[in-house]
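Quick note: my numbering has the sequence shown finishing at residue 1112, numbered continuously throughout.
Ideal Cβ placement from N, Cα and C applies to all residues, glycine included.
These numbers were taken from a predicted model, which means no experiment stands behind them.
Notes to accompany the following structure.
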Amino acid sequence: APPRPSRCLPAAPAVETMPRGLLWLGLCLLAALRTQAQDATLAANRVPAPPLLRVPLQPDFQGDQGKWYVLGLAGNNFRREDQGRVKMYATIYQLQEDESYNVTSILLRGQRCDYWVRSFVPSFQPGQFNLGNISQYPDLRSYTVRVASTDYTQFAMVFFKKRDRRREHFKTTLYGGSSSPTSEVQLLATLGLGRTKELTPELKERFIRFAKSLGLTDDHIVFPVPIGKARGRGGGTWGP
């Protein structure tokens, strides 16, 4: 009998012939899964925010105002690779008649300054404050400020804790080089005239010990790079 003709199955379509839409959809799904995996890893390794009772509070805190330079930062959003990229900035605390504070941070962004303005209102004990204008930030659920330690002239260590829709964030800031003007005119005149921007070894070590007492490690501590006086204008942001 003559041989039967063989049936040829249609060849599988080459990848190049696949619709581009499906190819991009697959790539987007793969990237989303990878991002979720990275977020899960970061969440698992994230240092939880300590309860406020674990954070020291400056005894008999006395209201103070003036300009401070940010010499150190530590928190569960900082990483060792941030060292060298975070620039020093200044924060001005203006004490109001109701014992709240108008707080302005001045940050250098490229060739201009950004001004981040907010209000801290007293909480139930001296030295602890809440964000006064929290309604302006829909994602925020709470924001607490706690003065852990200060000598009112040369240094202050302040703890910040905020909760958004997903998680809690916390940081502690080391301030140095305070100046305490007695009027708004003098306050504006001090922009760039702090007593010192230097971080002494003793103060640095004290800040590191405090950060580690909150559960942080060396990987979560950065010391901003000193800069000259910033110039230009900027707009308010949620801030550092």
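Asked: Inter-residue Cα distance where the pair is residue 960 and residue 987; Found: 14 Å
Asked: Endpoints, the beta strand (DSSP E) within which residue 994 is located; Found: 984 to 994
Asked: Same chain, Cβ closer than 6 Å to residue 963, five either side skipped, listed in chain order; Found: 940, 977
Asked: Under the three-state DSSP convention, the category residue 1074 falls into; Found: helix
Asked: Reference residue 974; option with closest CA among 965, 922, 1085; Found: 965
Asked: Helix, strand or coil at residue 1079 [DSSP, three-state]; Found: helix
Asked: Residue nearest to residue 998 in terms of C-alpha spacing, selected from 983, 970, 1012, 1006; Found: 970
Asked: Status (buried if at least 16 other CB within 10 Å, exposed otherwise) for residue 930; Found: buried
Asked: Reduced DSSP category for residue 971 - H, G, I as helix; E, B as strand; rest coil; Found: coil
Asked: Contacts around residue 1095, its chain only, beta-carbon distance under 6 Å, and the 5 residues preceding and following it disregarded; Found: 944
Asked: First and last residue of the uninterrupted beta strand (DSSP E) at residue 944; Found: 938 to 947
Asked: Inter-residue CB distance, residue 1032 and residue 1022 (contact presumed, cutoff 8 Å); Found: Rounded, the Cβ-Cβ distance is 15 Å, inconsistent with contact.
Asked: Where the beta strand (DSSP E) containing residue 1038 begins and where it ends; Found: Where residue 1038 is concerned, there is no enclosing beta strand (DSSP E), given that its DSSP letter is neither H nor E.
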